[in-house]
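Okay, structure first, notes after.
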Amino acid sequence: MRMVLDIFGQVIRTLWAHKLRSFLTMFGIAWGVFSLLLLVGLGEGFRSGNRRELETMGKDIMFVFPGRVPAVEGQQQGMKPYFITYQDFLDVRKEATLVRNVAPVLQRGDIRAVSEFTTSNGQVVGITPNFNQIRYLPMGEGRWLNDGDEEQRRNVAVLGFQMSRNLFSGHPALGSTILLNGVRFDVVGILSSVGKNENNSTNFRVYIPFSTMRLFFPLKSGDTPDDISFINCQPVTREQHEGAIEQVHRILGRNHGFDYHNKDAFEEFDTIQSEEMVGKIFDAMDLFLGGVGMVTLFLGAIGIINIMLVSVTERTREIGLRKALGATNRSILMQFFLEGAFITAISGGLGLAIAAGIMAALGTLPSPEGFDPPRLVPASAAIAIISLSLAGIIAGLYPARKASMLQPVEALRKE
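If you want the numbering used here, it's the position in the sequence shown, counting the first as 1, plus 1178.
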């Protein structure tokens, strides 16, 4: 314990004697740890925010939209458009064995919603009752649409969270009546807010039975009353989504008269593929940022080696005197090794504390949509600690060994 305290005092005196040099050296290590943890933490915040945004749509969803068939594969000239139809939905539900859930969607944004208090514009969406099994639609009040609503073409509606606020301005919406382009609908349910900042488009929608939507508000841009906006699908398992997509492609190609192998003919969005692609991007970014942090740590370690070598040179006579008085090579080695390790630990601790403090401060601020506050990633913290330990060993061992190998007579001759 006495030796440790002596070494601690010697380190403080050495650092204080060379304040600027010591600060710059310690800054290199602290900056390496700080940048590694903060940059990886920011990346993790963006990753988790993106994942959460995808989850607000639902889990493992495939969106199949109307597309255009090119006259020649790979070219954008002579494109022939086609619409998704209700028959496509029926065929996918019947024939696609790798699809466990499928729902047709008919939506329009040109329908005016009117309550007894005000009017509002938003998307009116016609869906089947199983739609909330595919998409994330948390109920706040009332109930969701049921099979009876669909079969009997009832004039009932479920309002998005923000739509209910816009139409009723603080008044009770559940059980009230609204007009959609003059057609009366009873409000049977209100959704909870979806998304972080209430700006999610789901919050501004009105959901009505699909059969009712087809009756009153068919797709204006379609060729036939059978046309719908798009289809939502879910594969049986996440691992089978490629096979499920191929089955859906085969059905659409057959129904609309084109080769389903022609990928240019399909307009779709797959949350599984999107999540995997984003994950790969962030994995590469984490690797790059980790590499930058490691290089910075390495440069900081070189700086510590430099200051320790200078310290050995400046204290050559002291080393010679101590060895002449009986100090062993081991004690000299331990002293300088602990000095290097101490400088490294203090620098790394400062970097870790500053990074954690800044991330905690950022966590108290409102973050933009699709971005979560940065957080300390255990894996990156472990990498920083391990790298810091290696840097401390490297930075302390070589100068310490050089100091311990000095001969007392030669050391005492140094001025």
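Ideal Cβ placement from N, Cα and C applies to all residues, glycine included.
Assuming residue i contacts residue j under a Cβ cut-off of 8 Å, what Cβ separation, rounded to an integer in Å, is found between them?
{"i": "Leu1475", "j": "Ile1207", "result": "7 Å"}
{"i": "Phe1594", "j": "Phe1241", "result": "Residue 1594 lies beyond the stretch modelled for the chain, which goes from 1179 to 1593, so this question has no answer here."}
{"i": "Gly1223", "j": "Pro1552", "result": "4 Å"}
{"i": "Ala1538", "j": "Val1247", "result": "Their Cβ separation, rounded to whole angstroms, is 54 Å, which puts Ala1538 and Val1247 out of contact at 8 Å."}
{"i": "Ile1529", "j": "Thr1203", "result": "Reading the sequence as shown, one finds Gly at residue 1529 and not Ile. Not really, about 13 Å apart at Cβ, beyond 8 Å."}
{"i": "Asp1405", "j": "Phe1261", "result": "4 Å"}
{"i": "Glu1445", "j": "Pro1244", "result": "7 Å"}
{"i": "Gly1280", "j": "Val1270", "result": "Looking at the sequence itself, residue 1280 is Val, so the reference to Gly does not match. About 5 Å; that satisfies the 8 Å criterion."}
{"i": "Leu1214", "j": "Gly1468", "result": "7 Å"}
{"i": "Arg1313", "j": "Asn1378", "result": "Between Asn1378 and Arg1313 the Cβ distance is about 12 Å, and since that is not below 8 Å, they are no contact."}
{"i": "Asp1266", "j": "Leu1369", "result": "28 Å between Cβ atoms; not a contact."}
{"i": "Asn1310", "j": "Trp1322", "result": "5 Å"}
{"i": "Leu1315", "j": "Thr1380", "result": "7 Å"}
Let me check one thing: in DSSP terms, what residues is residue i bridge-paired to?
{"i": "Val1247", "result": "Lys1258"}
{"i": "Glu1446", "result": "Val1242"}
{"i": "Ala1291", "result": "Ser1298, Leu1358"}
{"i": "Ile1368", "result": "Glu1319, Leu1337"}
{"i": "Phe1309", "result": "DSSP lists no partner for Phe1309."}
{"i": "Arg1286", "result": "Val1302"}
{"i": "Gly1236", "result": "Arg1313"}
{"i": "Val1384", "result": "Val1302, Leu1337"}
{"i": "Thr1263", "result": "Asp1405"}
{"i": "Asn1410", "result": "Phe1241, Ala1281"}
{"i": "Phe1363", "result": "Ile1356"}
For residue i and residue j, what's the separation of their Cα atoms in angstroms?
{"i": "Asn1359", "j": "Leu1268", "result": "29 Å"}
{"i": "Ile1561", "j": "Arg1432", "result": "54 Å"}
{"i": "Val1336", "j": "Gln1301", "result": "12 Å"}
{"i": "Leu1397", "j": "Gly1287", "result": "11 Å"}
{"i": "Leu1217", "j": "Val1473", "result": "14 Å"}
{"i": "Phe1363", "j": "Met1317", "result": "18 Å"}
{"i": "Arg1278", "j": "Ser1226", "result": "27 Å"}
{"i": "Leu1198", "j": "Met1235", "result": "55 Å"}
{"i": "Asp1550", "j": "Glu1231", "result": "10 Å"}
{"i": "Thr1306", "j": "Val1456", "result": "31 Å"}
{"i": "Phe1201", "j": "Val1211", "result": "15 Å"}
{"i": "Gly1527", "j": "Ile1190", "result": "16 Å"}
{"i": "Ala1523", "j": "Asn1228", "result": "35 Å"}
{"i": "Val1372", "j": "Glu1233", "result": "10 Å"}
{"i": "Ser1407", "j": "Arg1392", "result": "11 Å"}
{"i": "Leu1554", "j": "Thr1263", "result": "48 Å"}
{"i": "Leu1357", "j": "Leu1345", "result": "11 Å"}
{"i": "Arg1390", "j": "Gly1326", "result": "Here residue 1390 turns out to be Thr, not Arg, going by the sequence shown. Each residue's Cα considered, the two are about 12 Å apart."}
Measuring CA to CA, which of the options is closest to residue i?
{"i": "Leu1220", "options": "Ile1564, Ser1545, Ile1289", "result": "Ser1545"}
{"i": "Leu1177", "options": "Pro1316, Ser1354, Leu1202, Phe1520", "result": "Given a span of 1179 to 1593 for the chain in the structure shown, any question on residue 1177 remains unanswerable."}
{"i": "Asp1238", "options": "Thr1522, Asp1266, Arg1416", "result": "Arg1416"}
{"i": "Gly1518", "options": "Ala1479, Val1361, Asp1550, Met1317", "result": "Ala1479"}
{"i": "Val1384", "options": "Gly1338, Arg1271, Ile1312, Arg1392", "result": "Gly1338"}
{"i": "Val1303", "options": "Arg1278, Asn1333, Phe1205", "result": "Asn1333"}
{"i": "Val1366", "options": "Gly1353, Gly1373, Arg1500, Lys1458", "result": "Gly1353"}
{"i": "His1196", "options": "Ile1510, Phe1309, Arg1495, Ile1485", "result": "Ile1485"}
{"i": "Phe1533", "options": "Ile1510, Arg1331, Ser1558, Phe1515", "result": "The sequence as given places Ala at residue 1533; Phe does not occur at that position. Ala1533 has its Cα closest to that of Ser1558, out of Ile1510, Arg1331, Ser1558, Phe1515."}
{"i": "Ile1386", "options": "Gln1285, Gln1451, Gln1412", "result": "Gln1285"}
{"i": "Leu1568", "options": "Gln1330, Phe1388, Ile1483", "result": "Ile1483"}
{"i": "Ile1289", "options": "Arg1500, Phe1346, Phe1395, Ser1452", "result": "Phe1395"}
{"i": "Phe1205", "options": "Ser1525, Gly1187, Ala1531", "result": "Ser1525"}
{"i": "Pro1403", "options": "Arg1495, Thr1380, Val1361, Phe1388", "result": "Phe1388"}
Is residue i close to the ligand HEM? I mean its beta-carbon at under 6 Å from any heavy atom of the ligand.
{"i": "Leu1215", "result": "As for the ligand HEM, it is missing from this structure, which has no ligand bound."}
**Request:** Could you tell me whether the segment 1288-1297 touches the segment 1416-1428, using the rule of 3 or more Cβ pairs below 8 Å?
**Result:** no
**Prompt:** If you pair each beta-carbon of the segment 1503-1518 with each one of the segment 1462-1470, do three or more pairs fall below 8 Å?
**Reply:** no
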